[in-house]
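Student: Numbering (mature numbering (1 follows the signal peptide of the UniProt record, and there is no 0)), first residue to last: -28 to -1, 1 to 202.
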Ligand SMILES: [Zn+2]
């Protein structure tokens, strides 16, 4: 996915093209880089690409909610604060109240109204496709939206409602023209839900629903927008 009509989007697309053309890259002295340094620079590039996709996702999802809030809800729109990434080897996981957030997970914390994610989790998903980070950010943002709504509007299946709100935000952003879906994004989103249902510890089917339920919830938001989630 890329953000439309911006130099950012153009740069992100350019990076992909550069990566595809890569391989056997000569360094400044003209000699071939060693496999070691090549993989290190590929990793650095992957991190840069991911960071720019995360920033794009934050921008696009916030823009969607800021634009459409008052058409659906009363009261002010309160975007969540962004703690951002944490990891075992880097910045420690933040506390949500008295509890430290766990690794290999992503969160919305009502205490502080912020979203945060494990960078390693993001990176593993990102290797499967960039849609992963958009999906996780749109989902956690969905929880932030739920938290600011009247209790009567919050579904008891809060996780599936957050999936629905993620679909509404990403497809709504595409309809608004701020986000452009690329070939493969839809499949990547479906794959992400398969992976989150099968492999990663933070998906407990009782809490989040099966992959099939999650995809159905996401699609409901994609097809029917915010109204489809309430
Ligand atoms: Zn959730």
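Just so you know, even glycine gets a beta-carbon here, dropped at the ideal spot from N, CA and C.
Note that the structure is a prediction, hence the values are computed from the model and not measured.
Of the residues 93, 75, 106, 114, which one's Cα is nearest the Cα of residue 86?
Tutor: Closest by alpha carbon: 114.
Student: Let me check you understand the geometry: is the CB of residue 18 closer than 7 Å to at least one non-hydrogen atom of ligand 1?
Tutor: No, Cβ of residue 18 sits at least 7 Å from all heavy atoms of ligand 1.
Student: Terminal residues of the continuous beta strand (DSSP E) containing residue 144?
Tutor: Taken as a continuous stretch (DSSP letters only), residue 144 belongs to no beta strand (DSSP E), being part of the alpha helix (DSSP H) at 130 to 148.
Student: Below 8 Å, can you find three or more Cβ-Cβ pairs linking the segment 109 to 123 to the segment 44 to 52?
Tutor: Contact holds: three or more Cβ-Cβ distances are below 8 Å.
Student: Less than 7 Å between the CB of residue 115 and some heavy atom of ligand 1, yes or no?
Tutor: It does: the Cβ of residue 115 is within 7 Å (strictly closer) of some heavy atom of ligand 1.
Student: Whole alpha helix (DSSP H) runs in the segment 6 to 51 with 4 or more residues, listed along the chain?
Tutor: For the segment 6 to 51, whole alpha helix (DSSP H) runs of length 4 or above, ordered along the chain, are 7 to 44.
Student: Can you list, in chain order, the residues of its chain with a C-beta nearer than 7 Å to that of residue 188? Leave out the 5 residues immediately preceding and following it.
Tutor: Same-chain partners within the cutoff: there are none.
Student: From residue 75 to residue 93, what does the alpha carbon distance come to, in whole angstroms?
Tutor: Answer to the nearest angstrom: the Cα atoms are 8 Å apart.
Student: At a cut-off of 7 Å, would you count residue 134 as near ligand 1, judging by its Cβ distance to the nearest heavy atom?
Tutor: Result yes, Cβ under 7 Å from ligand 1.
Student: Near residue 30, which residues of its chain fall below 8 Å by C-beta distance, leaving aside the five closest residues on each side in sequence?
Tutor: So the list reads 54, 109, once near-sequence residues are dropped.
Student: Helix, strand or coil: how does DSSP classify residue 165 here?
Tutor: Correct three-state label for residue 165: helix.
Student: The beta strand (DSSP E) that contains residue 98, what's its start and end?
Tutor: Here residue 98 belongs to no beta strand (DSSP E); instead the alpha helix (DSSP H) covers 91 to 98.
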